[in-house]
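Chemist:
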Amino acid sequence: MSSSSGILSLLPLLCFSLLLHTTAIEADPLSHVCFNSANFTANSSYDINLNRLKTNLYDQTPGWGFALGSVGSNQCQAFGLSQCRADVSFQDCQTCVAEAKDALNKICPYNKGGIVWFDNCLLKYLDRDFFGQIDNENKFCLLNVNSVNDPASFNKKVTDLLSQLSLRAYVNPRLIAYGETMFDESTTIYGLVDCTRDLSNDDCKKCLHEAINELPSCSGGKKGGRIVGGSCHVRYEIYSFLNF
Ligand SMILES: *[C@@H]1O[C@H](CO)[C@@H](O)[C@H](O)[C@H]1NC(C)=O
Ligand SMILES: *[C@@H]1O[C@H](CO)[C@@H](O)[C@H](O)[C@H]1NC(C)=O
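For the sequence shown, the residue numbers in mature numbering (1 follows the signal peptide of the UniProt record, and there is no 0) are -27 to -1, 1 to 217.
Here's what the structure looks like:
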């Protein structure tokens, strides 16, 4: 008994140290999308504007954890935003936005639009103004494959926690909330919900509501899960995953 619970309690630590390891060396994107609706050619005005935009975002994001902007005009205007997770340090945010920039340069070299997600940040750009609009298209699910013993009551606890958090997040200027709840005597559920800060409070609430509704079909009955989108993100785990 005692030896098996000892092994189990090591698991979160192990995951944590692996995460630290990958962020220290080179993180892989969680996911990405290249928007194929329009492409540009090397050294075109769009290319130059997009590069300036990415540099601006890299310079501006770490200070407040969020930046948006556009460069150029008419057909050649590039719009973009980047955001770091609220618990990420200035340094790690800077590193993440640099990696996001490099990743999209590599993966979507001539697409006018793209989005990439890392654990610590997201970066998105497009050849049209997308600020303040809920992104319903770019979304994915991540889950811990391990199942819980009592899925019905566990799912309910998760939904209750994340719903409460979303009520706090949408009135928070940084559009984020995190917290925890006890599931049983030995299990704590940790939750995080956040929106990109270009959204209005009401749209943040709407985006989170939808993501929470989608979570059961992603990770119902599983020990951890996330819906990660272009405008908002919800996550729960049975270990603490934030660095506050
Ligand atoms: C843009 O390029 C991608 C391949 O990189 C291609 O699949 C897509 O069809 C192109 N889009 C247009 C509008 O030419
Ligand atoms: C783009 O410009 C760079 C430097 O100005 C040059 O080295 C490169 O060959 C150009 N690429 C194309 C496809 O024109």
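Virtual Cβ for every residue (Gly too), placed ideally from N, Cα, C. Source: prediction; values computed, not measured.
Any heavy atom of ligand 1 inside 7 Å of the beta-carbon of S10?
Modeler: yes
Chemist: Is the Cβ of G194 closer than 8 Å to any Cβ of chain B?
Modeler: The structure shown contains no chain B; it holds only a single protein chain.
Chemist: When the Cα of L115 is compared with those of A59, F91, K97 and S213, which residue comes out closest?
Modeler: F91
Chemist: In the DSSP assignment, what are the bridge partners of S55?
Modeler: A40 and L96
Chemist: Just to confirm, are Y212 and G198 a CB contact at a threshold of 8 Å?
Modeler: Contact flag unset, no.
Chemist: Could you tell me whether the Cβ atoms of N78 and V44 are closer together than 8 Å?
Modeler: no
Chemist: Between the segment 88 to 107 and the segment 41 to 59, are three or more C-beta pairs nearer than 8 Å?
Modeler: yes
Chemist: Give me the DSSP bridge partner(s) of S4.
Modeler: W90
Chemist: Once you ignore the five residues that flank A11 on each side, which residues in its own chain have a CB closer than 7 Å to its CB?
Modeler: K85 and D100
Chemist: So is N119 buried or exposed if we call it buried at 16+ other beta carbons inside 10 Å?
Modeler: exposed
Chemist: I need the straight-line Cα distance from Y83 to T14, nearest angstrom please.
Modeler: 6 Å
Chemist: Kindly indicate which three-state DSSP category L165 falls into: helix, strand or coil?
Modeler: strand
Chemist: Please check the pair E31 and K74, which I expect to be a contact at CB under 8 Å, by giving their CB distance rounded to whole angstroms.
Modeler: Residue 31 is actually Tyr in this sequence, not Glu. Yes, they are in contact, since the Cβ atoms of Y31 and K74 sit about 6 Å apart, within 8 Å.
Chemist: Rounded to whole angstroms, what is the Cα-Cα separation between Y19 and L188?
Modeler: 38 Å
Chemist: Once DSSP output is grouped into helix, strand and coil, what is the label at C205?
Modeler: strand
Chemist: Compute the Euclidean distance between the alpha carbons of T(-6) and C69, then round it to the nearest angstrom.
Modeler: Only weak support exists for where T(-6) lies, its pLDDT of 39 falling under 50; the value from the coordinates is given anyway. Computed Cα separation, rounded: 12 Å.
Chemist: So what does DSSP say about T34, is it helix, strand or coil?
Modeler: Note: T34 maps to helix in three-state DSSP.
Chemist: What number of angstroms, rounded off, separates the C-alpha of F127 from the C-alpha of T161?
Modeler: 11 Å
Chemist: Could you tell me the alpha carbon to alpha carbon distance between F214 and N109, rounded to whole angstroms?
Modeler: 26 Å
Chemist: At a threshold of 7 Å, does N16 count as lining ligand 2 (C-beta to nearest heavy atom)?
Modeler: Judged by the Cβ position, N16 qualifies as a neighbour of ligand 2 at the 7 Å threshold, a heavy atom of the ligand being closer than this.
Chemist: Going along the chain, which residues of its own chain have a beta-carbon closer than 8 Å to the beta-carbon of G194, five neighbours each way excluded?
Modeler: S120, V121, P124, F127 and N128
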